[in-house]
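Asks: Here it is, the structure, as structure tokens.
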Amino acid sequence: MPKAYQVYQRVLQEGRAYLGRPKASDPETAQALLGLDHKSFAHFTHRLGLSSSKHLRYTVLPLACAEPPLGPILRELLAAGASFAELHKLQSRYHRRELELAQLQQAAQARAWRSLLARRRAQPDWARRPVWIFPTDMRLRRLEGLNPAIAEVLVERYSLPGEWVVDPMAGEGTVVQKALELGRRAWGSDLKGDNRLVKRLDIADLVEAVGQEVADLLVLHPPTFAWYVQHVFDPEHDEPPEFEYANWLSGHLGDALPVLKPGGRLVLIVRPEHKPRSLIRRDGLLRWTFVAPLENLLSEKDLEPLHYHLAVSEDGEEDWSIFVGLKRVQSD
Ligand SMILES: C[S@@+](CC[C@H](N)C(=O)[O-])C[C@H]1O[C@@H](n2cnc3c(N)ncnc32)[C@H](O)[C@@H]1O
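So this is what it looks like as structure tokens:
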């Protein structure tokens, strides 16, 4: 049995005996012990064979009465083998909003909390704000291409050194390049791939090429809505293009998702609100694709929504909507 969990259980068991309340629940026992006067608390600490009551008062007992939604997850992590120090760090990172509840939940289920504790490089100031207004760099601007600064932030934030990053619509390989620079292992492919970093492959053949459940981070950066309308959309079709676009993305996502490990992260990068001229309707209205259908797309694929980032270049010319989801760990 894990050591910290053993200590935790013993404290509560002894606590019930000390209080003479054998049927009290864990939170009731912890609350009652925390309510003891100074002398009795010191006596109880001594009885447990502990030299200091601080650990008991500020770490062990508060854990037993920590309320949902965080409390039960912390206790699950403890039972899975996390130490008190690890729980403290995870809790602090959660309160600083560096970790989501869903990530902690997945980590508890998959017994993989240590990967959440690994030290990360500091993110640029703009990536810590609600909307990412990133520096314009004309030299790096490419139609449909991702700014390398965004690629770097995404790789750094959603993967760890040594993990596998897979980008099956890699274009010129911006994400793959950054992933390798940051010490990740990376696979890049594209319909038009033709070099060492980006192999030529249709996303429909991805699973066959790389296998199932191998990626820790799957980056999907499909052609934009504007490109889709110009090159793929059939105007004779009954459905409005924004729905067709969501369906088209859904197909690509379905092709790629099997490569993601349970507990792995998907980053979907889209430009849904672009307004191609060809979409100006006879009534003069513009049809836009809004982000909600794309968010739905993630939930339909059984992904836990983790984050939504809006990234806009300082000159307003580039704008990306970035959805991040977690692949659920199937519980038996
Ligand atoms: C928005 S771009 C990706 C840009 C890339 N992130 C970069 O920074 O260079 C979308 C890419 O999807 C590729 N693509 C379109 N359909 C594809 C398919 N069926 N399989 C693989 N790649 C595809 C296109 O060739 C294009 O390079």
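FYI, the numbering for the sequence shown is 994 to 1325, going by this note's numbering. Note that CB positions come from ideal geometry on N, CA and C, so glycine has one too.
Exposed or buried, Tyr-1051, counting other C-beta atoms within 10 Å across all chains shown (16 or more means buried)?
Replies: Locating residue 1051 in the sequence shown gives position 58, counting from the first residue. It counts as exposed.
Asks: How many angstroms separate the CA atom of Glu-1021 from the CA atom of Lys-1032?
Replies: Locating residue 1021 in the sequence shown gives position 28, where the first residue counts as 1. Locating residue 1032 in the sequence shown gives position 39, where the first residue counts as 1. Rounded to the nearest angstrom, the two C-alpha atoms are 20 angstroms apart.
Asks: Whole angstroms are fine: how far does the CA of Glu-1137 sit from the CA of Arg-1275?
Replies: As a position in the sequence shown, residue 1275 is number 282, starting the count at 1. As a position in the sequence shown, residue 1137 is number 144, starting the count at 1. Residue confidence is low: Arg-1275 scores 47 on pLDDT, short of 50, so the model does not pin down where it sits. Its coordinate-derived value is still stated next. Within the model, the alpha-carbon separation for Arg-1275 versus Glu-1137 is close to 28 angstroms.
Asks: For the beta strand (DSSP E) containing Leu-1213, name the first residue and the last one.
Replies: In the sequence shown, the residue the question calls residue 1213 occupies position 220. In the DSSP annotation of this structure, the continuous segment of the beta strand (DSSP E) that includes Leu-1213 starts and ends at 1208-1213.
Asks: May I ask you to list the residues that DSSP assigns as paired with His-1302?
Replies: Locating residue 1302 in the sequence shown gives position 309, counting from the first residue. Answer by DSSP bridge pairing, in chain order: Ile-1315.
Asks: Report yes if the CB atom of Val-1260 is closer than 8 angstroms to the CB atom of Tyr-1151, and no otherwise.
Replies: Here residue 1260 refers to the residue found at position 267 of the sequence shown. Here residue 1151 refers to the residue found at position 158 of the sequence shown. Yes, they are a contact pair.
Asks: Candidates Gln-1170, Val-1158 and Arg-1114: which alpha carbon is nearest Asn-1140's?
Replies: To locate residue 1140, count along the sequence shown from 1; it is residue 147. Residue Gln-1170 holds the alpha-carbon nearest to the alpha-carbon of Asn-1140 among Gln-1170, Val-1158 and Arg-1114.
Asks: When the Cα of Gln-1099 is compared with those of Leu-1029, Trp-1180, Leu-1026 and Ile-1066, which residue comes out closest?
Replies: By 1-based counting over the sequence shown, the position of residue 1099 is 106. Minimum Cα distance to Gln-1099 is reached at Ile-1066.
Asks: I'd like to confirm something about Ala-1255: is its beta-carbon nearer than 7 angstroms to some heavy atom of ligand 1, or not?
Replies: Translated into positions along the sequence shown, residue 1255 becomes position 262. The question names Ala, but residue 1255 is Pro in the sequence shown. No.
Asks: So for Gln-1084, helix, strand or coil by DSSP?
Replies: Locating residue 1084 in the sequence shown gives position 91, where the first residue counts as 1. Helix.
Asks: Work out the CA separation of Ala-1105 and Ser-1085 for me, nearest whole Å.
Replies: What you label residue 1085 is simply residue 92 of the sequence shown in a count that begins at 1. What you label residue 1105 is simply residue 112 of the sequence shown in a count that begins at 1. If you take the alpha carbons of Ser-1085 and Ala-1105, they lie about 18 angstroms apart.
Asks: Give the secondary structure of Leu-1175 by DSSP, where H, G and I count as helix, E and B as strand, and everything else as coil.
Replies: Mapped onto the sequence shown, residue 1175 falls at position 182. Of the three classes helix, strand and coil, the one that applies to Leu-1175 here is coil, per DSSP.
Asks: For a quick check, are the C-beta atoms of Met-1162 and Pro-1215 less than 8 angstroms apart?
Replies: Looking up residue 1162 in the sequence shown gives position 169. Looking up residue 1215 in the sequence shown gives position 222. Their beta carbons are under 8 angstroms apart, which means Met-1162 touches Pro-1215 by this criterion.
Asks: Pick helix, strand or coil for Pro-1255, following the three-state DSSP scheme.
Replies: As a position in the sequence shown, residue 1255 is number 262, starting the count at 1. Pro-1255: strand per DSSP, three-state reduction.
Asks: Hey, is Gly-1138 close to ligand 1, as in C-beta under 7 angstroms from one of its heavy atoms?
Replies: Position 145 of the sequence shown, counted from the first residue, corresponds to residue 1138. Gly-1138 Cβ: within cutoff of ligand 1.
Asks: Of all the alpha helix (DSSP H) runs that stay within the bounds of the region 1119-1181, which reach a length of 4 or more residues?
Replies: Segments of the alpha helix (DSSP H) lying fully in the region 1119-1181: 1141-1151 and 1167-1174.
Asks: Using a Cβ-Cβ cut-off of 8 angstroms (strictly less than) and excluding sequence neighbours within five positions of Gln-1096, which residues of its own chain qualify?
Replies: Here residue 1096 corresponds to residue number 103 of the sequence shown, with the count starting at 1. Excluding residues within five positions, the ones whose Cβ falls inside 8 angstroms are Leu-1109, Leu-1299 and Leu-1319.
Asks: Any heavy atom of ligand 1 closer than 7 angstroms to the CB of Asp-1183?
Replies: Walking along the sequence shown from the start, residue 1183 turns up at place 190. Result yes, Cβ under 7 angstroms from ligand 1.
Asks: When you compare only the Cα positions, how much space is there between His-1088 and Val-1222?
Replies: Taking the sequence shown and counting its residues from 1, one reaches residue 1088 at position 95. Taking the sequence shown and counting its residues from 1, one reaches residue 1222 at position 229. One C-alpha to the other measures close to 43 angstroms.
Asks: Per DSSP, Glu-1297 forms a beta bridge with which residues?
Replies: In the sequence shown, counting from the first residue as 1, residue 1297 sits at position 304. Leu-1319.
Asks: Can you look up Leu-1278 in the DSSP assignment and give me helix, strand or coil?
Replies: Taking the sequence shown and counting its residues from 1, one reaches residue 1278 at position 285. Reliability of the predicted coordinates at Leu-1278 is poor, the pLDDT of 49 falling under 50, and the value obtained from them is presented with this limitation in mind. Residue state, collapsed to three classes: coil.
Asks: Go to Gln-1096, then tell me how far its alpha helix (DSSP H) extends in each direction, as first and last residue.
Replies: Along the sequence shown, one-based indexing puts residue 1096 at 103. Per DSSP, Gln-1096 belongs to the alpha helix (DSSP H) from 1094-1103.
Asks: Are Ala-1190 and Gly-1257 close, meaning C-beta to C-beta below 8 angstroms?
Replies: The residue labelled residue 1190 in the question sits at position 197 within the sequence shown. The residue labelled residue 1257 in the question sits at position 264 within the sequence shown. Looking at the sequence provided, one finds Leu at residue 1190 rather than Ala. Taking a C-beta distance under 8 angstroms as the contact criterion, Leu-1190 and Gly-1257 do not qualify as a contact pair.
Asks: For ligand 1, is there any heavy atom lying closer than 7 angstroms to the beta carbon of Glu-1165?
Replies: Locating residue 1165 in the sequence shown gives position 172, counting from the first residue. Correct: Glu-1165 has its Cβ closer than 7 angstroms to ligand 1.
Asks: Count the other CB atoms, across all protein chains shown, that sit within 10 Å of the CB of Asp-1295; report buried if there are 16 or more and exposed otherwise.
Replies: Counted from its first residue, the sequence shown places residue 1295 at position 302. Label assigned to Asp-1295: exposed.
Asks: Here's the rule I'm using: 16 or more other beta-carbon atoms within 10 Å means buried, otherwise exposed. How should Ala-1179 be labelled?
Replies: As a working note, residue 1179 is residue 186 in the sequence shown. By the 10 Å Cβ count, Ala-1179 comes out buried.
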